[in-house]
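A short write-up of the structure that comes next.
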Amino acid sequence: MPIVEKSLVEVERTETLEVDGIDVSGDWNTFLKSRVSSDLDARILDWVKGEPQGETISRCWQCGTCTAGCCMHTDYGLTDFNPRYFIYLAQIGYEEELRKYATTIWRCVSCNKCVERCPKGVKVEEVVHRIGSYLTATGAAPESPADRFDRAYTKNLLRRGVLDEAELFREYERLEGRKTPTRELLRMAWTLLKSGRLHTGPLAHRTRGWSRMRSVLEAQLAEDDRAHAPRSRGPPAGGPR
Amino acid sequence: MSGAVPSRGPSDPVPAYYPGCSLDGLGKAYEISSRQVLKSLGLSLDRIVDYNCCGATEVKNLSQDVSVALPARNLALARSMGRNEVVAACSGCVYSLTRANDAVQDEATRGRINSTLARGGSPEYDGNASVQHVLEFIYRRAGPDRVRAAVRRPLEGLTVAPYYGCLYTRPKRYTGVGKTPGTDDPEHPHFLDELLIACGAKVVTDYSAKTICCGGGHALSDLEVSVAFSASVLHEAKRAGADVVATICPLGQINIENHLDRIRAEYGDDVIRPVAYFTQLMSLAFGSSLREARLSDNFSRPDLFLRSRGYS
Numbered sequence: 001m002p003i004v005e006k007s008l009v010e011v012e013r014t015e016t017l018e019v020d021g022i023d024v025s026g027d028w029n030t031f032l033k034s035r036v037s038s039d040l041d042a043r044i045l046d047w048v049k050g051e052p053q054g055e056t057i058s059r060c061w062q063c064g065t066c067t068a069g070c071c072m073h074t075d076y077g078l079t080d081f082n083p084r085y086f087i088y089l090a091q092i093g094y095e096e097e098l099r100k101y102a103t104t105i106w107r108c109v110s111c112n113k114c115v116e117r118c119p120k121g122v123k124v125e126e127v128v129h130r131i132g133s134y135l136t137a138t139g140a141a142p143e144s145p146a147d148r149f150d151r152a153y154t155k156n157l158l159r160r161g162v163l164d165e166a167e168l169f170r171e172y173e174r175l176e177g178r179k180t181p182t183r184e185l186l187r188m189a190w191t192l193l194k195s196g197r198l199h200t201g202p203l204a205h206r207t208r209g210w211s212r213m214r215s216v217l218e219a220q221l222a223e224d225d226r227a228h229a230p231r232s233r234g235p236p237a238g239g240p241r
Numbered sequence: 001m002s003g004a005v006p007s008r009g010p011s012d013p014v015p016a017y018y019p020g021c022s023l024d025g026l027g028k029a030y031e032i033s034s035r036q037v038l039k040s041l042g043l044s045l046d047r048i049v050d051y052n053c054c055g056a057t058e059v060k061n062l063s064q065d066v067s068v069a070l071p072a073r074n075l076a077l078a079r080s081m082g083r084n085e086v087v088a089a090c091s092g093c094v095y096s097l098t099r100a101n102d103a104v105q106d107e108a109t110r111g112r113i114n115s116t117l118a119r120g121g122s123p124e125y126d127g128n129a130s131v132q133h134v135l136e137f138i139y140r141r142a143g144p145d146r147v148r149a150a151v152r153r154p155l156e157g158l159t160v161a162p163y164y165g166c167l168y169t170r171p172k173r174y175t176g177v178g179k180t181p182g183t184d185d186p187e188h189p190h191f192l193d194e195l196l197i198a199c200g201a202k203v204v205t206d207y208s209a210k211t212i213c214c215g216g217g218h219a220l221s222d223l224e225v226s227v228a229f230s231a232s233v234l235h236e237a238k239r240a241g242a243d244v245v246a247t248i249c250p251l252g253q254i255n256i257e258n259h260l261d262r263i264r265a266e267y268g269d270d271v272i273r274p275v276a277y278f279t280q281l282m283s284l285a286f287g288s289s290l291r292e293a294r295l296s297d298n299f300s301r302p303d304l305f306l307r308s309r310g311y312s
């Protein structure tokens, strides 16, 4: 049975205890609750490793350098965001525990400090995204705002080859059901127009001869999407139903 | 591990220039001021025509092959222009271009990507274009000495916080920063410090937000985090005693400026600092007017602040 540290440690428990006639009562802070895990599923690891973004997960030896420098964990102070732990849970296939972080794991901002510092060459940022997408693919995590943004971004750039920033902003706001007040939008639009930066809609930049590339890449994207779709690869038995 | 691809050919007299969507869009002031700076230093770049978006950090979360093919197409265009070197001004672009370079060092991947490119009507990519940030390019090709010689109006009395952000230096596995000779230090970058000092500005040395993230691609999807990081870029600048923050990435620039109202509401008016692309400040030092350096384009209006300091 693997020791999954956090969930097994009881904090500050006072015990009255006698061992071999010697009184060892007192305040203990590291009692390990005994537990047996029978729901570990190695297929999570296989799934994460299944694409190049997740391949390097096997190199991780759990030193924690990633978490120590992680800006979400350390600077922002979201201590539940612990890339080392996410990797550990994925490595041993402890889905039940991993699911507790379903609404946390997407918040990585991709600053890549972890990838920079990892002594073992784990592409931590990409691995963490891959673990996150396992949770969404199996339905264990809801689609996150970042997932929706990634999609809106990709869809937008594939349309013309270059991004229409203003259009993406509007499209994403619609997805989230948000609405920037018209006055503020007009103010922004005016500043951009004045400085000749309002390249949106019919004025948007486009890559010449893009349509062929667009259809090839959209087909590729759809193919990869199907591979990620829930159940198409048979999600591990431990997965949610 | 391949890391960034060192130039396999001789270095180009005029490397290819990859603008990316930002420099033709919201970051236009960055593009225009970069051109002014390069011209003053006698450097030139050759624009990649009909480039496409590099995919930034978003596309890789959906598809590995699309996330490699997008930047690879641009690198292929640079190679078909006969160039070994590509310069980009956006750190996000540098990240995805170098990431694609890393991926195509694997022969099977390169074959797959090239078949995608060919089907889409693009030239194939041999994997041999090295990529650098425009800051590195200016530092390596001109360096502080030539910058000092080109200064016509030293930025005296101006205290600047050099904000490098995350993806300029990171990760070295992709960017090659710190590994390849003549590159910046990944943990303690200093190229921007040196160039600004050469322009006569005072640069704050204990700027702890130097390489933090601005919230990056989560600027819209995770406001809470993005506003907090953007605010600390400004707050640390204030603590270190800087008047202005210099940026080297359009994403950082736009994120901070986009959040100004929220930062003001949450952290107060006194953390607000004008934010400008480093090339705007350099261009100013090389003799451009505030208007020519497009300092009025920025939402944080560095032009107003600089005018109050006697610049015109």
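Quick mapping for you: the protein sequence lines, in order, are chains P and U. The first sequence begins at 1 in the working numbering and counts up one residue at a time. The second sequence begins at 1 in the working numbering and counts up one residue at a time. Even for Gly, the Cβ is constructed at its ideal location relative to N, Cα and C.
I believe residue i touches residue j by the beta-carbon criterion, under 8 Å. Please report the beta-carbon distance rounded to the nearest angstrom.
i: residue 87/U; j: residue 282/U; result: Between residue 282/U and residue 87/U the Cβ distance is about 16 Å, and since that is not below 8 Å, they are no contact.
i: residue 263/U; j: residue 271/U; result: 7 Å
i: residue 160/U; j: residue 78/U; result: Not quite, the Cβ-Cβ distance comes to about 32 Å (not below 8 Å), so this is no contact.
i: residue 65/U; j: residue 220/P; result: 5 Å
i: residue 222/U; j: residue 151/P; result: With a Cβ gap of about 15 Å, residue 222/U and residue 151/P do not count as contacting.
i: residue 150/U; j: residue 40/U; result: 5 Å
How many angstroms separate the CA atom of residue i from the CA atom of residue j?
i: residue 212/U; j: residue 166/U; result: 6 Å
i: residue 265/U; j: residue 14/U; result: 46 Å
i: residue 209/P; j: residue 228/P; result: 30 Å
i: residue 146/P; j: residue 291/U; result: 37 Å
i: residue 71/U; j: residue 53/U; result: 7 Å
i: residue 114/P; j: residue 124/P; result: 6 Å
i: residue 182/P; j: residue 261/U; result: 16 Å
i: residue 20/P; j: residue 46/P; result: 47 Å
i: residue 83/U; j: residue 198/P; result: 32 Å
i: residue 231/P; j: residue 134/P; result: Reliability fails at residue 231/P, whose pLDDT of 46 lies under 50, so the model's placement of it is uncertain and no value is given.
i: residue 51/P; j: residue 194/U; result: 41 Å
i: residue 205/P; j: residue 309/U; result: 38 Å
i: residue 22/U; j: residue 279/U; result: 15 Å
i: residue 224/P; j: residue 63/U; result: 6 Å
i: residue 156/P; j: residue 239/U; result: 39 Å
i: residue 200/U; j: residue 184/U; result: 21 Å
i: residue 242/P; j: residue 97/P; result: With chain P covering only 1 through 241, there is no way to say anything about residue 242/P.
i: residue 24/P; j: residue 143/P; result: 50 Å
i: residue 95/P; j: residue 246/U; result: 44 Å
i: residue 138/U; j: residue 29/U; result: 17 Å
i: residue 45/U; j: residue 226/P; result: 42 Å
List, in order along the chain, the chain P residues whose C-beta lies closer than 8 Å to that of residue i?
i: residue 53/U; result: 157, 161, 162 and 163
i: residue 300/U; result: Residues of chain P passing the Cβ test: none, with the nearest at roughly 12 Å.
i: residue 116/U; result: 216, 217 and 220
i: residue 58/U; result: 149, 150, 153 and 154
Please say whether residue j and residue i have beta carbons closer to each other than 7 Å?
i: residue 91/U; j: residue 168/U; result: yes
i: residue 117/P; j: residue 69/P; result: yes
i: residue 148/U; j: residue 198/U; result: yes
i: residue 288/U; j: residue 257/U; result: no
i: residue 53/P; j: residue 171/P; result: no
i: residue 33/U; j: residue 293/U; result: yes
i: residue 75/U; j: residue 125/U; result: yes
i: residue 93/P; j: residue 40/P; result: yes
i: residue 226/U; j: residue 215/U; result: yes
i: residue 148/P; j: residue 186/P; result: no
i: residue 340/U; j: residue 182/U; result: In the structure as shown, chain U begins at 1 and stops at 312. Residue 340/U is therefore absent and cannot be evaluated.
i: residue 120/U; j: residue 104/U; result: no
i: residue 68/U; j: residue 100/U; result: yes
i: residue 65/P; j: residue 122/P; result: no
i: residue 145/U; j: residue 85/U; result: no
i: residue 90/P; j: residue 141/P; result: no
Among the options, whose alpha-carbon lies nearest the alpha-carbon of residue i?
i: residue 248/U; options: 94/U, 47/U and 69/U; result: 94/U
i: residue 207/P; options: 252/U, 16/U, 51/U and 257/U; result: 51/U
i: residue 188/U; options: 268/U, 206/U, 53/U and 233/U; result: 206/U
i: residue 58/P; options: 84/P, 36/P and 166/P; result: 84/P
i: residue 195/P; options: 297/U, 59/U, 56/U and 43/U; result: 297/U
i: residue 232/U; options: 101/P, 75/P and 40/P; result: 75/P
i: residue 86/P; options: 104/P, 71/P and 202/P; result: 104/P
i: residue 117/U; options: 159/P, 213/P, 171/P and 61/P; result: 213/P
i: residue 284/U; options: 154/U, 185/U and 203/U; result: 154/U
i: residue 57/U; options: 190/U, 171/U and 182/U; result: 171/U
How would you list, in chain order, the residues of chain U whose beta-carbon sits under 9 Å from the beta-carbon of residue i?
i: residue 25/P; result: Here the premise fails: no neighbours, minimum Cβ distance about 45 Å.
Could you work out which residues of chain P lie near residue i, taking near to mean beta carbons separated by less than 7 Å?
i: residue 119/U; result: 216
i: residue 272/U; result: Within chain P, no residue comes near residue 272/U; the closest Cβ sits about 17 Å away, beyond 7 Å.
i: residue 212/U; result: 71 and 75
i: residue 45/U; result: By Cβ distance, chain P contributes nothing, its closest Cβ being about 19 Å from residue 45/U, past 7 Å.
Along chain U, in chain order, which residues have C-beta atoms closer than 8 Å to that of residue i?
i: residue 52/P; result: 64, 103 and 109
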